[in-house]
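Report on the structure given below.
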Amino acid sequence: MSNPRSGRLGSAAADLRAFGAAGMKEWRLLRRYPSLMFGFLFWPIVLPVAYVLQARGYAGDSTAALDAFAARTGTSQVAGFLFLGWAAYMWISMILWGPGTALRTEQVRGSLEALFMTPVSRLVILFGPLVSQVAWAVWMFAIVGTVLVVFFGVAIAPLEALRALGVIVVAVPALYGLGALFAAVVLRFGEVHALVQGVRGVFTVFCGMSFPIVLLPGWAHAVALALPPTYLIGDLRSVLLGSSALVGVLPDLAILLGLGAAISVLAVIAFLRTERYARRGGSLASY
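Using this note's numbering, the first residue of the sequence shown is number -15, and each one after it goes up by one.
Here is the structure:
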């Protein structure tokens, strides 16, 4: 007579191996196209530089302008403020264009139906492509931090870097849950580019990537507080530029974890409903 407990443990171990295999597959795809790696290094640096130069051009040598900026943001580091905001933007873009479109990509390749026939948990299919992106996120923020220290004179101590890493780890469930939810929605409607641009536009407007959210009107500020990137960007700026301890941003981190749990549950529900819809309509194997 078989032991049900050993069967569950064996199934869990198999799913963990499947998660590892999914992450390795995505990693090999990234290695197959080196230009993608170049983009991960190029855009997080070049994109915010334009905003830094623009800010310096508008402010000139005005001390009053810098004081007003510091009063609204809590820091006088204009470059650090902008670089961290756009690094978060690049991370979100990586999630939306990568794991966020992974299921649709499998459908276009004609391999989605075969993927659904494998004896693995649906969680592996939904969240597996996200595994390899964690290392890229840490690498990208490390590059941004190095640029800030070397070229802009922003002082980042090892302890502050560890605090920032803690914020990134806490943000992983929320942002990757968002990517999984996006993947399910894209699979349902089959449209990629418009959805990616729309979501990125919403985050750019409301989450304070290039400006403090205190400038937003009341209703927009409320929207910003409901979006996970707002807390990621704000907490990274607090621990790296404002020398805040993790205890100081603990309420934000708790909200971020709560949003991550809620979004992940929504992603699973949306994925299961999309799967049922696709099976009834026979669209798993169609373009």
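Positions of the beta carbon are idealized from the N, C-alpha and C atoms, including for glycine. These numbers were taken from a predicted model, which means no experiment stands behind them.
Report all residues from its chain with a CB closer than 6 Å to the CB of residue i; omit the five preceding and five following residues, and keep chain order.
i, result
"Asp236", "Tyr215, Asp219"
"Ser222", "Ser228, Val233"
"Phe111", "Ala164"
"Ile29", "Val131"
"Ala245", "none"
"Ala39", "Val62"
"Phe195", "none"
"Gly94", "none"
"Val36", "Ala63, Leu66"
Near residue i, what residues of its chain come up, given a Cβ to Cβ distance below 8 Å and the 5 sequence neighbours on each side ignored?
i, result
"Ser(-14)", "Residue placement at Ser(-14) is poorly supported in this model, since its pLDDT is 47, which falls under 50; the coordinates are not used for a value here."
"Phe3", "Val108, Phe111, Gly112, Val115"
"Arg329", "What is shown of the chain runs -15 to 271, which leaves residue 329 out entirely."
"Leu50", "Ala43, Ser60, Val62"
"Gly137", "none"
Take residue i as the anchor and find which of the options has the nearest alpha-carbon.
i, options, result
"Val176", "Ser227, Val252, Gly226, Thr89", "Thr89"
"Gln181", "Lys9, Tyr73, Val108", "Tyr73"
"Arg172", "Phe255, Ser227, Thr47", "Phe255"
"Ser105", "Val118, Asp(-1), Phe187, Tyr261", "Asp(-1)"
"Ile217", "Ile152, Leu13, Gly137, Phe26", "Ile152"
"Ala145", "Ala158, Thr130, Trp70", "Thr130"
"Arg147", "Phe136, Phe125, Gly137, Ile253", "Phe125"
"Phe53", "Val198, Leu96, Ala208, Gly94", "Val198"
"Val156", "Trp70, Leu96, Gly69, Ser248", "Ser248"
"Ala262", "Tyr42, Phe100, Ala245", "Phe100"
"Pro32", "Leu149, Phe67, Tyr42, Pro103", "Phe67"
"Val118", "Tyr35, Arg93, Val92, Ala158", "Ala158"
"Leu230", "Leu149, His205, Val207", "Leu149"
Suppose the cutoff is 7 Å on Cβ atoms and the five residues either side in sequence are ignored; what does the same chain contact list for residue i look like?
i, result
"Trp81", "Val180"
"Phe65", "Thr57, Thr59, Arg221, Leu225"
"Leu25", "Ile127"
"Trp120", "Phe24, Met78"
"Thr258", "Ala168, Leu171, Arg172"
"Ala251", "Leu110, Gly161, Ala164, Leu165, Ala168"
Could you round the C-beta distance between residue i and residue j to whole angstroms and report it? I think they count as a contact, below 8 Å.
i, j, result
"Ile239", "Tyr160", "Incorrect: roughly 17 Å between the Cβ atoms, too far for contact."
"Pro213", "Ile127", "Pro213 to Ile127, Cβ: 19 Å. No contact."
"Leu211", "Cys191", "6 Å"
"Phe166", "Gly84", "4 Å"
"Val133", "Ile140", "6 Å"
"Leu241", "Val154", "6 Å"
Is any beta-carbon of chain B found at less than 8 Å from that of residue i?
i, result
"Val122", "You won't find chain B in this structure, because it holds only one protein chain."
What are the start and end residues of each continuous beta strand (DSSP E) run of 3 or more residues lying completely inside the segment 181 to 242, in chain order? none
Go through the segment 65 to 131 residue by residue and report every complete run of the alpha helix (DSSP H) that reaches 4 residues or more, in order. 86 to 93, 96 to 100, 106 to 111
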